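Visitor:
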Amino acid sequence: MIITTTDSVNNRVVTEYTGIVFGEVMTQIKNINTGAAGFSDYFNKQDNSYETDLINSRIDALKELEERALELNADAVLGLTLDYQVLGPNKNILLVSASGTAVKFEQI
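And the structure:
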């Protein structure tokens, strides 16, 4: 499955737009202080646990997006966007959302 931020793929002709697909993952962030200053302090620490949570959430969101595109028998997802939000009263929930347009290509 080709997943790209671009709106086309070299040497491939889109024959069908099968729909907009999403992949969303919510992850609880552990050991984070409350408030914006606490978040900033935590983010700047050398502790890689937040970075690991972010990477794993992004990978999971992209996997979910790909699964949904495959359900539509798509060959690719074009125009990929990734969005990140920190939610919750204690700012301890990370939401990663991936979206794009599932397409079919002309067969070679």
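Each residue of the sequence shown is one higher than the one before, starting from 7 at the first, in the numbering used here.
All C-beta atoms, glycine included, are put in the ideal place defined by N, C-alpha and C.
It should be emphasised that the depicted structure is a prediction, and the values quoted were computed from it without experimental measurement.
1. How would you call Ile35, buried or exposed, if buried means at least 16 neighbouring beta carbons within 10 angstroms?
2. CA-CA distance, Val31 and Thr10?
3. DSSP puts Leu84 in a beta bridge; with which residues?
4. Using only alpha-carbon positions, find the residue among Thr33, Glu22, Leu71, Gly29 that is nearest to Ala93.
5. Assuming Thr21 is part of the beta strand (DSSP E), what are its boundary residues?
6. Within 10 angstroms of the Cβ of Gly29, are there 16 or more other Cβ atoms? Answer buried if so, exposed if not.
7. At what residues does the alpha helix (DSSP H) containing Thr11 begin and finish?
8. Please state whether DSSP places Leu93 in a helix, a strand or coil.
9. Have a look at Glu72, Arg74, Leu88, Val83 and flag the residue whose alpha-carbon is nearest the alpha-carbon of Leu60.
Guide: Checking against the coordinates, here is how it stands:
1. Taking the sequence shown and counting its residues from 1, one reaches residue 35 at position 29. With 16 or more Cβ atoms within 10 Å of its Cβ, Ile35 is classed as buried.
2. Looking up residue 31 in the sequence shown gives position 25. Looking up residue 10 in the sequence shown gives position 4. Answer to the nearest angstrom: the Cα atoms are 19 Å apart.
3. As a first step, residue 84 is located in the sequence shown; it is residue number 78 there, counting from the start. Paired residues: Thr107.
4. Taking the first residue of the sequence shown as position 1, residue 93 is located at position 87. It is worth fixing the name first, because residue 93 is Leu in this sequence and not Ala. When each option's Cα is compared against that of Leu93, the closest is Thr33.
5. Position 15 of the sequence shown, counted from the start, is the residue given in the question as residue 21. Looking at the DSSP string, the run of the beta strand (DSSP E) that includes Thr21 is 20-34.
6. Within the sequence shown, residue 29 is the residue found at index 23, counting from 1. It is buried - the Cβ of Gly29 has at least 16 other Cβ atoms within 10 Å.
7. As a working mapping, residue 11 is identified with position 5 in the sequence shown. Element bounds for Thr11: n/a, residue is neither H nor E.
8. Reading the sequence shown from its first residue, position 87 is the one you call residue 93. Looking at Leu93 - three-state DSSP - the assignment turns out to be strand.
9. Against the sequence shown, residue 60 aligns to sequence position 54. It is Leu88 whose Cα lies nearest to the Cα of Leu60.
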